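Read the structure below first, then the notes.
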Amino acid sequence: MEKRNHPRIALKNLSVDASDGVGFFQGMISDASRFGVCIIDLPKRLNEKAKKMTLIVNGQGKNFKMTVRPRWSTSHGPGKSIGAEILNPPWGWTEFIMKFEPKVHDDVWGSVIL
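Printed below as a string of structure tokens:
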């Protein structure tokens, strides 16, 4: 059962530099929403039990720095994937993700002219 408030959007070509407070590691964003990310291709030595992690997300000519709280992790082969909640998402990230969200046709504010 899906517990998400915001739908996840599949994204490509977004790299991540992640810090667990001890080291820096590289991975890729597989999908994201305004308030969450799924990071793949991380090395197993990253501590997914850290209370908070710092991410630098790079791609499409943009860079976003954010703090996340790991919510789940899975190991596979030489690496792992982590799902994380974005704490206080930066406005630039929200705008970036909104470009990929499905358009809602019954949005009453979309027809308001000021």
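Residue numbers for the sequence shown follow this note's numbering, so the first one is -2 and each next one is one higher.
Note that the Cβ used here is the ideal one computed from N, Cα and C, for glycine as well.
Every value quoted in this text rests on a predicted model; they were computed, and no experiment measured them.
Element boundaries [beta strand (DSSP E), containing residue 21]: 21 to 29
Would you report the Cα separation of residue 3 and residue 28, rounded to the nearest angstrom? 12 Å
Given a cut-off of 8 Å, decide if residue 36 and residue 118 are closer than it, judged by their beta-carbon atoms. The requested residue 118 is not part of the displayed model; the chain covers only -2 to 111.
Keeping to the same chain, check which residues put their C-beta closer than 7 Å to that of residue 72; ignore five residues upstream and five downstream. 41
Rounded C-beta distance between residue 54 and residue 11? I'm assuming under 8 Å. 6 Å
Which term fits residue -2, buried or exposed, when burial requires 16 or more other beta carbons within 10 angstroms of its beta carbon? For residue -2, the predicted model reports a pLDDT of 42, less than 50, meaning its position is unreliable; a value from the coordinates is still stated below. Exposed is the call here.
Would you give the residue range spanned by the alpha helix (DSSP H) that residue 32 belongs to? Note, residue 32: premise wrong, no alpha helix (DSSP H); not H, not E.
Quick one: measure Cβ to Cβ for residue 63 and residue 86, integer angstroms, because I've assumed they're closer than 8 Å. 6 Å
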